[in-house]
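Notes follow once the structure below has been shown.
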Amino acid sequence: MTGQTETIARPYALAAFEYALAHNELPVWEKMLQAAATMATDKQMQILFSNISVTSQKLLELFLEILAPLLDEPRKNFLKLIAEHKRFNVLPDIFLKFKIYKEEQEKIIPIEIISAVALEGNFLKKIADAISLRVKQKVTTQCTVDPQLLGGVMVRMGDKVIDGSIRGKLNRLLESI
Amino acid sequence: MQHTQLSPSEISELIKQRIQKFDIKPEIRTEGTIVSLKDGIVRIHGLAEVMQGEMVEFADNTYGMALNLERDSVGAVVLGRADHLAEGQTVKCTGRILQVPVGESLLGRVVDALGNAIDGKGPIETEHFSPVEKVAPGVISRQPVSQPLQTGLKAIDSMVPIGRGQRELIIGDRQTGKTAVAIDAIINQRGTGVKCIYVAIGQKASSVAAVVRKLEEHGAMAHTIIVVASAAEAAALQFIAPYSGCAMGEYFRDKGEDALIIYDDLTKQAWAYRQVSLLLRRPPGREAYPGDIFYLHSRLLERAARVNAEYVEKITHGKVKGKTGSLTALPIIETQAGDVSAFVSTNVISITDGQIFLETDLFNSGIRPAINAGLSVSRVGGAAQTKIIKKLAGGIRLALAQYRELAAFSQFLSDLDDATRKQLERGQRITEIMKQKQYAPLSVAEMALVMFAAEKGFLDDLPLNRIAEFENGLRTSMRANHQDLIDKINQSGDYNDDIAAVFKKIVETFKNTFVV
């Protein structure tokens, strides 16, 4: 996500989210947006996006055809709007924003746990519980392994980072000396 | 980069202590990512909790300041070099507003805009840090300006007196002696307890080096801090330098001492701020300056103030009682071809308590300092002027201004009446007496004696080209024979009939020996 496309993506994501929420269709909308986002990030699609001889009408037809099983009239209209404003390239950001809105609605915070070695499920749950107690919300975890940390764990929630890694401590020790 | 030399903090005992005291609790921080980087301006995605003006940390111990908080991104300026930063690197919040070291140990040193020593005399150890941006003292904490700040320049102390806590603008074209006036004022604070801060903004490093050398030569570095953001440094540093210097001056003010700060010059600071603002995509206004260019200078100059004893007591937690503090500011503005109606100069004129207007024509005709008596004013200094100077030099500014008018007018006349001719001659002599060499500030007593001689007409029968010589001799003879009187006047500043009688005797005695 970059600053500029995020700003463009926000109104689309918000409108889609509010519509889906009002009509109780959050899961299917999410599925559709995810599929559209995957399509938009496809390398060959990106070539099409930058090709000026491919009109947005053509692109729309392509999207409508591939995503056909997931579409009903309002979702078709959504894609038509995207085509009208030539915003196919912000679809991934729209999906990400949509997900953030959905998680906010469900009071779930996604956290990323980064560790030097793969963590056992038991331990993972312990961390997740401790954090969910602290932020008083449910959390969904995603694990990444980064040997650079040397040891300990680093937890990332949005912009916030809790750095309990050996690497971070060593860096701070270096600075303090 | 690895340094091959050990620094003083690298003693193994010290390192051991630091390791022992090291806090191993996990660190909680807010992070963001660099999205774009151009001309020292960084756009950061994330950093949701950053404050306006907060320091942000980039890779390799580089710091920046968050200036624009937008919906999806943060605009920050890099304080220093930016060539090792790259798109995609993480940026951390520090939770701190930009701070600089303050304290006595900075005196005699040359530092950059962030307070790091750049004079090669080793790192500076200070106990205190102070935020660069502080709100000026409020109405209740202030006291009227009532003590003089002697610049040692006859023309200024007699015609546009400056009081402690005043903001007096020095304005003029390039090469009219603006810096010279400021340097003389610093030199004259020797032994008075007034601490001086000279902030050089956007100047050639060679000019700054020359200033440092001159101050050292005249023994004025011991009470002076020099803050440098030279033309080669990042615009962000040039923009921040006056605030850093001001924070250093405020330390003395809040301790119940007197300080003098010189901003040389604010035009260049405005340019640097304009650059930063335009690159941050803030909308340009008149002369392409951003909308808050007035506030840029007004909030800075408002911090120069005289504060009362209660304020000082409160700030020092009762350690200093019954002492008022002051920070006097002498901002400098460079005009283009004498145009004072440019945007920045009119702004600063309206903020300050008066201005000293220097003119190219006067400078070139040998009147140095090239002060235009008609356009220079001091709105609050009169209340602070030493009694003796006030008494003896009261009419000089008006007389000089009238003389200039008359001199211009009389060029068209062939016959002049006696009164006009007299007035012209008196004016010429006063002009002559106001000339002063650089780096030679005068004490109150010496100045008073010279004013006395001019006021009482002792110079009227001397040829114009001998006036300077006469003045010099007069002062030398006073120093040789009446040191006690000099000390007395310098201390009290009083003027009475006794002193007038002694003055008269000194002038008459000297005049008898002076061969015309």
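Each protein sequence line maps, in turn, to chains A and B.
Residue numbers for the first sequence follow our numbering, so the first one is 627 and each next one is one higher.
Residue numbers for the second sequence follow our numbering, so the first one is 70 and each next one is one higher.
Glycine is no exception: its CB is placed at the ideal position from the N, C-alpha and C atoms.
| Does A/G777 come within less than 8 Å of chain B when only Cβ atoms are used? | In the first sequence, counting from the first residue as 1, residue 777 of chain A sits at position 151. Chain B contact via Cβ: absent.
| Relative to chain A, which residues along the region 89-109 of chain B have a C-beta separation below 7 Å, given in chain order? | Taking 7 Å as the Cβ-Cβ cut-off against chain A, the residues of the region 89-109 of chain B that qualify are F91, I93, P95, E96, I97, R98, T99, E100, G101 and V104.
| task | Put B/M70 into one of helix, strand or coil per three-state DSSP. | result | As a first step, residue 70 of chain B must be located in the second sequence, where it is residue number 1. Unreliable placement is indicated for B/M70, whose pLDDT of 47 sits below 50; no coordinate value is reported for it.
| query | For A/V765, which of A/E732, A/I788 and A/D789 has the nearest alpha-carbon? | reply | One-based indexing of the first sequence puts residue 765 of chain A at position 139. Comparing Cα-Cα distances from A/V765 to each of A/E732, A/I788 and A/D789, the minimum goes to A/E732.
| message | Among the candidates B/A517, B/N550, B/L148 and B/K390, whose CA atom is the shortest distance from the CA of B/I465? | response | Within the second sequence, residue 465 of chain B is the residue found at index 396, counting from 1. Closest option to B/I465, Cα to Cα, is B/A517.
| query | Using a Cβ-Cβ cut-off of 7 Å (strictly less than) and excluding sequence neighbours within five positions of A/I792, which residues of its own chain qualify? | reply | Taking the first residue of the first sequence as position 1, residue 792 of chain A is located at position 166. The beta carbon of A/I792 sits closer than 7 Å to those of L775, L776, G777 and G778, all from its chain and outside the five residues before and after it, given in chain order.
| Using a Cβ-Cβ distance under 8 Å, would B/D141 count as near chain A? | If you number the second sequence from 1, residue 141 of chain B lands on position 72. It does; some Cβ of chain A falls within 8 Å.
| Just to confirm, are B/I458 and B/M503 a CB contact at a threshold of 8 Å? | By 1-based counting over the second sequence, the position of residue 458 of chain B is 389. By 1-based counting over the second sequence, the position of residue 503 of chain B is 434. Not closer than 8 Å, so no.
| Whose C-alpha, out of B/R322, B/G360 and B/I558, is nearest the C-alpha of B/S512? | Walking along the second sequence from the start, residue 512 of chain B turns up at place 443. Minimum Cα distance to B/S512 is reached at B/I558.
| field | Interface flag, A/G790 vs chain B, CB-CB below 8 Å | value | Sequence index remark: in the first sequence, residue 790 of chain A carries index 164 (1-based). It does: the Cβ of A/G790 has a partner Cβ on chain B nearer than 8 Å.
| Per the contact definition of three or more C-beta pairs closer than 8 Å, is the region 238-255 of chain B in contact with the region 526-538 of chain B? | In short, these stretches do not touch, since the Cβ pair count stays below three.
| If we cut at 8 Å on Cβ distances, does B/G115 have a partner in chain A? | If you number the second sequence from 1, residue 115 of chain B lands on position 46. Judged by the 8 Å Cβ criterion, B/G115 is in contact with chain A.
| Per-residue contacts from A/E729 into chain B (C-beta, under 8 Å) | Counting from one through the first sequence, the residue named residue 729 of chain A turns up at place 103. Near A/E729 there are no residues of chain B at all, since even the closest Cβ is about 15 Å away, more than 8 Å.
| If you run the structure through DSSP and keep just helix, strand and coil, what is B/A205? | Working through the second sequence from its first residue, we reach residue 205 of chain B at position 136. Correct three-state label for B/A205: coil.
| message | On the DSSP bridge list, what partners appear for B/P217? | response | Taking the first residue of the second sequence as position 1, residue 217 of chain B is located at position 148. B/G232, per the DSSP bridge assignment.
| Three-state secondary structure assigned by DSSP to A/M627 | Residue 627 of chain A sits at position 1 when you count from the first residue of the first sequence. Since pLDDT at A/M627 reaches only 49, below the 50 mark, its modelled position is unreliable, and the value read off the structure follows with that caveat. Note: A/M627 maps to coil in three-state DSSP.
| From B/L543, B/Q272, B/G115 and B/A357, pick the residue whose C-alpha is nearest to that of B/T582; which is it? | Along the second sequence, read from residue 1 onward, the residue named residue 582 of chain B stands at position 513. When each option's Cα is compared against that of B/T582, the closest is B/L543.
| the region 718-729 of chain A / the region 646-660 of chain A touching (three or more Cβ pairs under 8 Å) | When Cβ pairs closer than 8 Å are counted between the two stretches, the region 718-729 of chain A is seen to touch the region 646-660 of chain A, the count reaching three or more.
| Range covered by the alpha helix (DSSP H) that runs through A/L652 | Against the first sequence, residue 652 of chain A aligns to sequence position 26. That run of the alpha helix (DSSP H) goes L652 to T667.
| request: Identify, in the order they occur along the chain, each residue of the same chain with its Cβ nearer than 6 Å to the Cβ of B/T442, setting aside the five sequence neighbours on each side. | output: Reading the second sequence from its first residue, position 373 is the one you call residue 442 of chain B. Residue identity check: residue 442 of chain B is Ala in the sequence provided, not Thr. Cβ contact annotation for B/A442 (same chain, cutoff 6 Å, sequence separation greater than five): M228, R466, L469 and A470, in chain order.
| said: With H, G and I counted as helix, E and B as strand and the rest as coil, what does DSSP make of B/H366? | reply: As a working note, residue 366 of chain B is residue 297 in the second sequence. B/H366: helix per DSSP, three-state reduction.
| task | Given a cut-off of 8 Å, decide if B/N377 and B/T393 are closer than it, judged by their beta-carbon atoms. | result | What you label residue 393 of chain B is simply residue 324 of the second sequence in a count that begins at 1. What you label residue 377 of chain B is simply residue 308 of the second sequence in a count that begins at 1. Yes, the pair counts as a contact, with Cβ atoms nearer than the cut-off.
| request: To the nearest angstrom, report how far apart B/M70 and B/S105 are at their CA atoms. | output: As a position in the second sequence, residue 70 of chain B is number 1, starting the count at 1. As a position in the second sequence, residue 105 of chain B is number 36, starting the count at 1. Here B/M70 scores only 47 on pLDDT, less than 50, and its place in the model is too uncertain to base an answer on.
| query | So what's B/V143 in DSSP terms, helix, strand or just coil? | reply | Along the second sequence, one-based indexing puts residue 143 of chain B at 74. B/V143 falls in the strand class under three-state DSSP.
| field | Contact set between A/S758 and chain B, taken where Cβ atoms lie within less than 9 Å | value | Along the first sequence, one-based indexing puts residue 758 of chain A at 132. For A/S758, there are no neighbours in chain B by C-beta distance under 9 Å, as the nearest C-beta there is about 16 Å away.
| said: Using a 10 Å radius around the Cβ and a threshold of 16 neighbouring Cβ atoms, would you call B/Y267 buried or exposed? | reply: Position 198 of the second sequence, counting from 1, holds the residue named residue 267 of chain B. Flag for B/Y267 reads buried.
| Who are the Cβ neighbours of B/G122 in its own chain at under 8 Å, not counting the five residues just before and after it? | Here residue 122 of chain B refers to the residue found at position 53 of the second sequence. M134, A135, L136, I166, L167 and E202.
| request: Excluding the 5 residues preceding and the 5 following B/G184 in the sequence, name in chain order all residues of the same chain whose CB lies nearer than 6 Å to its CB. | output: As a first step, residue 184 of chain B is located in the second sequence; it is residue number 115 there, counting from the start. Contacts found: V169 and P170.
| field | Backbone CA spacing between A/I734 and A/R782 [nearest angstrom] | value | Within the first sequence, numbered from 1, the residue matching residue 734 of chain A stands at position 108. Within the first sequence, numbered from 1, the residue matching residue 782 of chain A stands at position 156. Taking the straight line from one Cα to the other gives about 14 Å.
| Short check: CB of B/L176 to CB of B/T293, under 8 Å? | Taking the second sequence and counting its residues from 1, one reaches residue 176 of chain B at position 107. Taking the second sequence and counting its residues from 1, one reaches residue 293 of chain B at position 224. In this structure, the beta-carbon distance from B/L176 to B/T293 falls below 8 Å.
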